[in-house]
Amino acid sequence: MKRLIVDVRPGEYAVTRLAPDAPVPSGLLDLTDVLVSVTRTPAEVSIIAPASFAMDGQPLGASQKTEKSWRLLTVRGPLEFTLTGIMAALAGELAAAGVSLFALSTYDTDHLLVKQTDLGRAVLALRAAGHEVVVAPEA
18 MKRLIVDVRP GEYAVTRLAP DAPVPSGLLD LTDVLVSVTR TPAEVSIIAP ASFAMDGQPL
78 GASQKTEKSW RLLTVRGPLE FTLTGIMAAL AGELAAAGVS LFALSTYDTD HLLVKQTDLG
138 RAVLALRAAG HEVVVAPEA
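Printed below as a string of structure tokens:
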């Protein structure tokens with residue numbers, strides 16, 4: 018596996034589940050300096066956004082579930098579509114260290130969310146595997 022550069026992004030993230038017919042919370046897509054992901058399937062709407070985004074005040078319905086205390090690790094890209102095994106390798110390295118993850122890919126790169134309590138172990142595991150991990154000063 019090629020040596021990767023992984024950036025630990027500042028701030029806490031949350032993963033939220035909404036009903037499949039729920040509207041995207043107002044203002045969510047106005048956040049432009051952080052990662053925001055909205056995925057709609059026939060069964061749910063999943064949102065990844067900074068935990069500081071106040072979804073509590075939104076009329077989201079009873080099916081809302083939120084899991085907070087996630088930290089975002091981003092593989093520095095852009096990555097070529099022809100590259101294979103990046104997410105599998107990172108997931109395997111973290112699994113070997115006992116770190117669970119929530120994975121997300123965008124057009125340019127891959128992102129991993131790990132629980133705040135696992136961040137130190139995740140950084141150590143990735144560095145031990147030969148990757149450069151850059152932790153933001155405010156992270």
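Each position in the sequence shown, counted from 1, maps to that position plus 17 in my numbering.
The beta carbon of each residue, even a glycine, is placed where N, CA and C say it ideally should be.
- Item | Pick from 64, 152 and 127 that is closest to residue 30, judged by C-alpha positions | 64
Beta strand (DSSP E) segment containing residue 89, residue limits | 82-92
### Three-state secondary structure assigned by DSSP to residue 136
helix
Between residue 141 and residue 150, what straight-line distance do the alpha-carbon atoms span, to the nearest angstrom? 9 Å
**Message:** residue 121 and residue 24 - do their beta-carbons sit closer together than 9 Å?
**Reply:** no
Three-way DSSP call (helix, strand, coil) for residue 127 in this model
strand
Q) Out of 56, 26, 48 and 107, which has the shortest C-alpha to C-alpha gap to residue 38? A) 56
Notebook entry, point to check: Smallest Cα separation from residue 94: which of 84, 119, 126 and 46?
Noted result: 126
### Query
Which residues mark the beginning and the end of the beta strand (DSSP E) in which residue 120 is found?
119-122
Q: Check whether the Cβ atoms of residue 135 and residue 116 sit closer than 9 Å, and answer yes or no.
A: yes
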